[in-house]
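Add 1251 to the 1-based position in the sequence shown for this note's numbering, that's all there is to it.
Right, one structure below, let's go through it.
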Amino acid sequence: MKKLQEEIRRMAGKKDVMDEKGIETLPYIRAVSLELINFGFGRRGCQGMGMAMAEVELALANLVYKFDWELPIGMKEDDIDFECLPGTAMHKKNALCLLAKAV
C-alpha cells in the first residue's frame, strides 16, 4: 500500500484528484486493480473489461491519494486475515477493516 501511495502522490503532485492521464503511467496500480476484479477470459470474457479497468484504476488511485490507511488500534499486520472463500472469484472470508484518515 505504501508503494502505491508513494507512486500516486508523486504522479499527482499538487493536484486535488488523480485524472485518467496520470493513471496510464502507474504500472503498480494496474497490478493491484487486476487482483480486485475477475473478468473471465476467452470468448465469454467481459466485453466491458477495458472500461471497467479504467474506472477501477481511477477510483483506487483517488482513494489511495486522498487517504492514509491504517490498521485499527491494537491490530498488527500479522493479524490480517487473507483467507478466501472457495469459487472462481476470490472473495474474502472475513472483511478487511481499515481506518481512513484524510490527507
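Even glycine gets a Cβ: it sits at the ideal position worked out from N, Cα and C.
The same chain holds no residue with a CB closer than 7 Å to that of Phe1333 once the five nearest residues on each side in sequence are set aside.
In the structure shown, Ala1312 adopts helical secondary structure according to DSSP, grouped into three states.
Under DSSP, Asp1319 shares a beta bridge with Lys1352. With a threshold of 16 other beta carbon atoms within 10 Å, Glu1308 meets it and is buried. With a cutoff of 7 Å on beta-carbon distance, Tyr1316 and Ala1351 are scored as not near each other.
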